[in-house]
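**Student:** Please see the structure below; I have some questions.
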Amino acid sequence: MTTARATMASQQTADGASLKDWRGGRGATWKIVPSATGAAKAVEKGIPALNGRLAGMAFRVPTPNVSVVDLTSRLERPAAYEQLRAATDAASEGKLNGLLGRTEGEVVSSEMNGVAPMPVFDVKAGISLNDRFAKLASWYDDRTGYSHKVLDLVALIPAHRSGRRENSEKKQQRVWRGRREMNVNKKEKIVCASNEIHLNAKRRFKNKDHTLVADHDGVDEEGDGRVLRVRLKLF
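At position 14 of the sequence shown the residue is numbered 14 (full-length UniProt numbering), and the sequence of numbers has no breaks.
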(Lines of atoms letter the chains of each structure in order from A; the text may use other names.)
(Lines give C-alpha, C1' and ligand atoms only; values in the text may rest on other atoms or scores of the structure.)
Protein backbone atom coordinates (compact mmCIF):
# COMPACT_ATOMS: atom_id res chain seq x y z
CA MET A 1 0.00 0.00 0.00
CA THR A 2 1.50 3.30 -1.13
CA THR A 3 -0.03 6.64 -0.23
CA ALA A 4 0.53 9.98 -1.93
CA ARG A 5 -0.15 12.05 1.16
CA ALA A 6 -1.09 15.73 1.21
CA THR A 7 0.95 18.08 3.36
CA MET A 8 0.54 17.51 7.09
CA ALA A 9 0.61 19.95 9.98
CA SER A 10 3.73 18.27 11.37
CA GLN A 11 5.76 19.23 8.30
CA GLN A 12 7.80 22.40 7.97
CA THR A 13 7.54 25.13 5.36
CA ALA A 14 11.34 25.37 5.13
CA ASP A 15 14.16 22.90 5.69
CA GLY A 16 14.93 22.31 9.35
CA ALA A 17 15.59 19.71 12.01
CA SER A 18 13.16 16.91 12.78
CA LEU A 19 13.10 14.82 15.93
CA LYS A 20 11.62 11.79 14.15
CA ASP A 21 13.52 11.50 10.87
CA TRP A 22 15.81 13.59 8.69
CA ARG A 23 13.51 13.66 5.69
CA GLY A 24 10.60 14.78 7.84
CA GLY A 25 12.41 18.04 8.51
CA ARG A 26 12.62 19.02 4.86
CA GLY A 27 10.44 21.81 3.52
CA ALA A 28 7.02 20.56 2.47
CA THR A 29 5.99 23.20 -0.03
CA TRP A 30 8.15 22.11 -2.96
CA LYS A 31 9.38 18.58 -2.20
CA ILE A 32 8.09 15.01 -2.39
CA VAL A 33 9.12 13.40 0.89
CA PRO A 34 9.19 9.60 1.39
CA SER A 35 7.81 8.71 4.79
CA ALA A 36 6.60 5.87 6.96
CA THR A 37 2.88 5.41 7.54
CA GLY A 38 0.83 3.79 10.28
CA ALA A 39 -2.09 3.14 7.93
CA ALA A 40 -1.12 -0.49 7.33
CA LYS A 41 -1.00 -1.22 11.07
CA ALA A 42 -4.33 0.54 11.55
CA VAL A 43 -5.90 -1.63 8.84
CA GLU A 44 -4.53 -4.77 10.52
CA LYS A 45 -6.19 -3.75 13.78
CA GLY A 46 -9.50 -3.19 12.02
CA ILE A 47 -9.22 -6.32 9.87
CA PRO A 48 -7.28 -8.96 11.85
CA ALA A 49 -7.34 -11.33 8.86
CA LEU A 50 -4.80 -9.02 7.17
CA ASN A 51 -2.37 -9.19 10.07
CA GLY A 52 1.12 -9.74 8.68
CA ARG A 53 -0.14 -9.53 5.08
CA LEU A 54 -0.07 -5.78 4.52
CA ALA A 55 2.77 -3.24 4.42
CA GLY A 56 2.79 0.38 3.44
CA MET A 57 4.71 3.59 2.90
CA ALA A 58 3.83 7.16 2.02
CA PHE A 59 5.06 9.95 -0.21
CA ARG A 60 4.20 13.35 1.20
CA VAL A 61 3.46 15.59 -1.74
CA PRO A 62 3.22 19.42 -1.85
CA THR A 63 -0.56 19.70 -2.12
CA PRO A 64 -2.71 21.30 0.62
CA ASN A 65 -5.38 18.60 0.79
CA VAL A 66 -6.63 15.26 -0.59
CA SER A 67 -4.51 12.12 -0.75
CA VAL A 68 -4.61 8.97 -2.84
CA VAL A 69 -3.77 5.40 -1.89
CA ASP A 70 -2.46 2.81 -4.34
CA LEU A 71 -3.22 -0.72 -3.15
CA THR A 72 -1.18 -3.36 -4.95
CA SER A 73 -2.81 -6.73 -4.35
CA ARG A 74 -2.00 -10.36 -5.01
CA LEU A 75 -5.38 -12.05 -5.18
CA GLU A 76 -6.18 -15.29 -3.41
CA ARG A 77 -8.55 -16.35 -6.19
CA PRO A 78 -8.36 -15.46 -9.90
CA ALA A 79 -10.43 -12.40 -10.76
CA ALA A 80 -10.51 -10.01 -13.68
CA TYR A 81 -10.47 -6.26 -13.05
CA GLU A 82 -14.13 -6.03 -14.03
CA GLN A 83 -14.97 -8.49 -11.26
CA LEU A 84 -13.09 -6.36 -8.73
CA ARG A 85 -14.93 -3.31 -10.00
CA ALA A 86 -18.29 -5.08 -9.66
CA ALA A 87 -17.41 -6.15 -6.11
CA THR A 88 -16.56 -2.58 -5.06
CA ASP A 89 -19.75 -1.30 -6.73
CA ALA A 90 -21.85 -3.80 -4.80
CA ALA A 91 -20.11 -2.91 -1.54
CA SER A 92 -20.53 0.85 -2.03
CA GLU A 93 -24.24 0.36 -2.67
CA GLY A 94 -24.70 -2.26 0.05
CA LYS A 95 -23.18 -2.68 3.51
CA LEU A 96 -20.52 -0.01 2.90
CA ASN A 97 -22.99 2.57 1.62
CA GLY A 98 -21.88 5.98 2.86
CA LEU A 99 -18.45 4.65 3.79
CA LEU A 100 -17.02 3.62 0.44
CA GLY A 101 -17.45 5.96 -2.50
CA ARG A 102 -16.72 5.41 -6.18
CA THR A 103 -16.17 7.53 -9.23
CA GLU A 104 -15.90 6.80 -12.93
CA GLY A 105 -14.89 10.34 -13.80
CA GLU A 106 -11.33 11.21 -14.77
CA VAL A 107 -10.86 13.29 -11.65
CA VAL A 108 -7.82 14.91 -10.04
CA SER A 109 -7.13 15.57 -6.38
CA SER A 110 -8.71 19.04 -6.18
CA GLU A 111 -12.06 17.61 -7.24
CA MET A 112 -12.10 15.39 -4.15
CA ASN A 113 -12.04 18.35 -1.76
CA GLY A 114 -14.92 18.18 0.70
CA VAL A 115 -15.97 14.65 -0.24
CA ALA A 116 -17.17 12.85 2.88
CA PRO A 117 -16.81 9.14 1.96
CA MET A 118 -13.29 7.87 2.45
CA PRO A 119 -12.02 6.28 0.39
CA VAL A 120 -13.50 7.00 -3.03
CA PHE A 121 -12.61 4.17 -5.40
CA ASP A 122 -11.34 5.51 -8.73
CA VAL A 123 -12.62 2.99 -11.26
CA LYS A 124 -10.51 4.22 -14.18
CA ALA A 125 -7.26 4.67 -12.26
CA GLY A 126 -6.82 1.00 -11.37
CA ILE A 127 -5.10 -1.59 -13.54
CA SER A 128 -4.76 -5.36 -13.61
CA LEU A 129 -1.57 -7.16 -14.63
CA ASN A 130 -3.29 -10.55 -14.73
CA ASP A 131 -6.08 -12.37 -12.91
CA ARG A 132 -3.90 -12.67 -9.79
CA PHE A 133 -2.34 -9.20 -9.57
CA ALA A 134 -4.11 -5.83 -9.52
CA LYS A 135 -3.62 -2.21 -8.48
CA LEU A 136 -6.56 -0.27 -7.04
CA ALA A 137 -6.55 3.49 -6.50
CA SER A 138 -8.75 5.41 -4.07
CA TRP A 139 -8.98 9.08 -3.11
CA TYR A 140 -9.67 10.46 0.35
CA ASP A 141 -10.03 13.91 1.85
CA ASP A 142 -8.75 13.12 5.30
CA ARG A 143 -9.84 16.48 6.72
CA THR A 144 -13.48 16.32 5.69
CA GLY A 145 -13.61 12.54 5.74
CA TYR A 146 -12.09 12.28 9.21
CA SER A 147 -14.50 14.91 10.55
CA HIS A 148 -17.43 12.88 9.24
CA LYS A 149 -16.01 9.73 10.83
CA VAL A 150 -15.85 11.53 14.18
CA LEU A 151 -19.51 12.50 13.76
CA ASP A 152 -20.37 8.88 12.93
CA LEU A 153 -18.62 7.81 16.14
CA VAL A 154 -20.49 10.40 18.19
CA ALA A 155 -23.77 9.14 16.72
CA LEU A 156 -22.91 5.60 17.84
CA ILE A 157 -22.06 6.56 21.43
CA PRO A 158 -25.67 6.82 22.76
CA ALA A 159 -26.59 3.38 21.45
CA HIS A 160 -23.33 1.93 22.75
CA ARG A 161 -23.80 3.52 26.16
CA SER A 162 -27.40 2.31 26.25
CA GLY A 163 -26.24 -1.23 25.57
CA ARG A 164 -23.50 -0.91 28.19
CA ARG A 165 -26.00 0.48 30.69
CA GLU A 166 -28.35 -2.43 30.06
CA ASN A 167 -25.51 -4.92 30.44
CA SER A 168 -24.33 -3.12 33.57
CA GLU A 169 -27.82 -3.27 35.09
CA LYS A 170 -28.07 -6.99 34.34
CA LYS A 171 -24.65 -7.55 35.84
CA GLN A 172 -25.60 -5.56 38.95
CA GLN A 173 -28.78 -7.60 39.30
CA ARG A 174 -26.73 -10.79 39.17
CA VAL A 175 -24.39 -9.40 41.83
CA TRP A 176 -27.29 -8.44 44.08
CA ARG A 177 -28.94 -11.82 43.58
CA GLY A 178 -25.68 -13.54 44.42
CA ARG A 179 -25.25 -11.41 47.53
CA ARG A 180 -28.78 -12.20 48.70
CA GLU A 181 -28.17 -15.91 48.24
CA MET A 182 -24.86 -15.62 50.05
CA ASN A 183 -26.47 -13.75 52.94
CA VAL A 184 -29.24 -16.35 53.20
CA ASN A 185 -26.67 -19.15 53.30
CA LYS A 186 -24.62 -17.21 55.83
CA LYS A 187 -27.65 -16.70 58.09
CA GLU A 188 -28.48 -20.39 57.88
CA LYS A 189 -24.93 -21.26 58.91
CA ILE A 190 -25.08 -18.79 61.82
CA VAL A 191 -28.39 -20.25 63.00
CA CYS A 192 -27.00 -23.78 62.79
CA ALA A 193 -23.87 -22.77 64.69
CA SER A 194 -25.94 -20.97 67.31
CA ASN A 195 -28.21 -23.99 67.81
CA GLU A 196 -25.21 -26.27 68.10
CA ILE A 197 -23.67 -24.05 70.77
CA HIS A 198 -26.91 -24.01 72.74
CA LEU A 199 -27.12 -27.79 72.56
CA ASN A 200 -23.54 -28.08 73.78
CA ALA A 201 -24.34 -25.67 76.57
CA LYS A 202 -27.21 -27.84 77.73
CA ARG A 203 -25.04 -30.93 77.63
CA ARG A 204 -22.20 -29.33 79.55
CA PHE A 205 -22.64 -26.19 81.64
CA LYS A 206 -23.00 -22.44 81.30
CA ASN A 207 -21.10 -19.85 83.30
CA LYS A 208 -22.67 -16.84 84.95
CA ASP A 209 -21.22 -14.51 82.31
CA HIS A 210 -23.17 -16.40 79.63
CA THR A 211 -20.07 -17.97 78.12
CA LEU A 212 -19.53 -21.59 77.35
CA VAL A 213 -16.34 -23.35 78.26
CA ALA A 214 -15.78 -26.33 75.96
CA ASP A 215 -12.97 -28.83 75.93
CA HIS A 216 -10.77 -28.89 72.85
CA ASP A 217 -9.70 -32.27 71.52
CA GLY A 218 -6.02 -32.87 72.10
CA VAL A 219 -3.31 -31.50 74.35
CA ASP A 220 -0.99 -28.53 74.21
CA GLU A 221 2.38 -28.53 72.49
CA GLU A 222 4.25 -29.12 75.74
CA GLY A 223 2.43 -32.41 76.21
CA ASP A 224 1.88 -31.99 79.92
CA GLY A 225 -1.63 -33.43 79.68
CA ARG A 226 -3.48 -30.18 80.23
CA VAL A 227 -6.65 -29.96 78.14
CA LEU A 228 -7.05 -26.80 76.04
CA ARG A 229 -10.24 -24.88 76.83
CA VAL A 230 -12.12 -22.48 74.56
CA ARG A 231 -14.45 -19.74 75.81
CA LEU A 232 -17.38 -18.96 73.46
CA LYS A 233 -19.95 -16.21 73.85
CA LEU A 234 -23.49 -17.59 73.63
CA PHE A 235 -26.10 -15.89 71.44
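For each residue, glycine too, the CB sits at the ideal point set by N, CA and C. Just so you know, these numbers come straight off a predicted model, no measurement behind them.
Compute the Euclidean distance between the alpha carbons of leucine 151 and valine 108, then round it to the nearest angstrom.
**Tutor:** Answer to the nearest angstrom: the Cα atoms are 27 Å apart.
**Student:** Could I get the ranges of all uninterrupted beta strand (DSSP E) runs contained in the segment 61-93, with 3 residues as the minimum, in chain order?
**Tutor:** As far as the segment 61-93 is concerned, its whole beta strand (DSSP E) runs of at least 3 residues are 67-74.
**Student:** Which two residues bound the contiguous alpha helix (DSSP H) that contains glutamate 45?
**Tutor:** Rather than glutamate, the amino acid found at residue 45 in this sequence is lysine. Lysine 45 -> alpha helix (DSSP H) spans 39-46.
**Student:** Quick one: what's glutamine 12 bridged to in DSSP?
**Tutor:** Its beta-bridge partners are Gly27.
**Student:** Could you spell out the range, first to last residue, of the beta strand (DSSP E) harbouring arginine 5?
**Tutor:** Note, arginine 5: beta strand (DSSP E), 2-5.
**Student:** Sort out for me which residues DSSP pairs serine 35 with in a bridge.
**Tutor:** Per DSSP, Ala58.
**Student:** Is aspartate 142 near the ligand SAH, in the sense that its beta carbon is under 8 Å from a heavy atom of that ligand?
**Tutor:** For the structure depicted, the ligand SAH is absent and the ligand set is empty, with no information on it obtainable.
**Student:** Tell me which residue opens and which closes the beta strand (DSSP E) that leucine 136 is part of.
**Tutor:** Leucine 136 -> beta strand (DSSP E) spans 133-140.
**Student:** For my contact list, methionine 1 and glycine 46 are in at a C-beta cut-off of 8 Å; report their separation, rounded to the angstrom.
**Tutor:** Not really, about 13 Å apart at Cβ, beyond 8 Å.
**Student:** Looking only at its own chain, which residues have a Cβ that is under 8 Å from the Cβ of alanine 40, when we skip the five neighbours before and after it?
**Tutor:** Here the set comprises Met1, Leu54, Ala55 and Gly56.
**Student:** What is the DSSP secondary structure of glycine 105, reduced to helix, strand or coil?
**Tutor:** Of the three classes helix, strand and coil, the one that applies to glycine 105 here is coil, per DSSP.
**Student:** Leaving aside the five residues before and after alanine 125 along the sequence, list all residues of the same chain whose C-beta is less than 6 Å from its C-beta, in chain order.
**Tutor:** These residues qualify, in order along the chain: Ala137.
**Student:** What residues in its chain sit with their C-beta under 8 Å from that of aspartate 15, if we drop five residues either side in the sequence?
**Tutor:** Counting only Cβ-Cβ distances below 8 Å, and skipping sequence neighbours, we find Gly25, Arg26 and Gly27.
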